[in-house]
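J.: Can you keep this structure in mind? I'll have questions shortly.
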Amino acid sequence: MTIHLENMLEHDPAILLDVVAGIGHPAVDVCLDIGHVQANARVPVLRWIEVLGNNIGYVHLHDNHGAEDEHLGLGAGTLPVKEVCAALERYAPEALWAIEAEGDGIELSLTWLRRNGYVDIG
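Quick note: the sequence shown uses the working numbering, first residue 940, plus one each step.
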């Protein structure tokens, strides 16, 4: 079993890094919700990925415009999605990615991921 601690309202990735390090168990890591970072954090999402690195075991992918957690499809908001995905591949290559968009945002996200070479599905 793996336990992924999700960022919610934290303003800085160091908080989650300290919690994971304090627990010190290989079955505990971070679920990075990029939309929560965009809407709630003071530190940019690319810095979160860099700081948390291999401590990221799971990622919630969705987009927003920065004011609230909208769960939009990838590319429908203002998150730098291409840069986020590249940073995840670099700093957290073993992390699992999950689409957390709603409604049409699911298809939009799959289309974005397909168009950018991240998935090869019909």
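C-beta atoms are modelled at their ideal positions from N, C-alpha and C, and glycine is treated no differently.
#1: Taking one C-beta from the segment 981-993 and one from the segment 1005-1017 each time, how about it: are there three or more such pairs within less than 8 angstroms?
#2: Provide the residue span of the alpha helix (DSSP H) that contains residue 945, from first to last.
#3: DSSP on residue 978, reduced to helix/strand/coil?
#4: State whether the segment 941-949 contacts the segment 970-990, with contact taken as three or more CB pairs (one from each stretch) at a distance under 8 angstroms.
#5: If distances are taken between C-alpha atoms only, which option among 952, 996 and 971 comes closest to residue 941?
#6: May I have the straight-line CA-CA distance separating residue 1034 from residue 1024, to the nearest angstrom?
#7: Residues in the same chain with beta-carbon distance under 7 angstroms from residue 1008, minus the five sequence neighbours each way, listed in chain order, please.
T.: Concretely, from the data shown:
#1: Using a Cβ-Cβ distance cut-off of 8 angstroms, the segment 981-993 and the segment 1005-1017 are not in contact, since fewer than three pairs of beta carbons, one from each stretch, lie closer than that value.
#2: Residue 945 -> not in any alpha helix (DSSP H); beta strand (DSSP E) instead, spanning 942-945.
#3: Helix, per DSSP.
#4: Segments in contact, yes.
#5: If we check each option's Cα against that of residue 941, 996 comes out closest.
#6: Our two residues, residue 1034 and residue 1024, have alpha carbons roughly 11 angstroms apart in a direct line.
#7: 974, 975 and 978.
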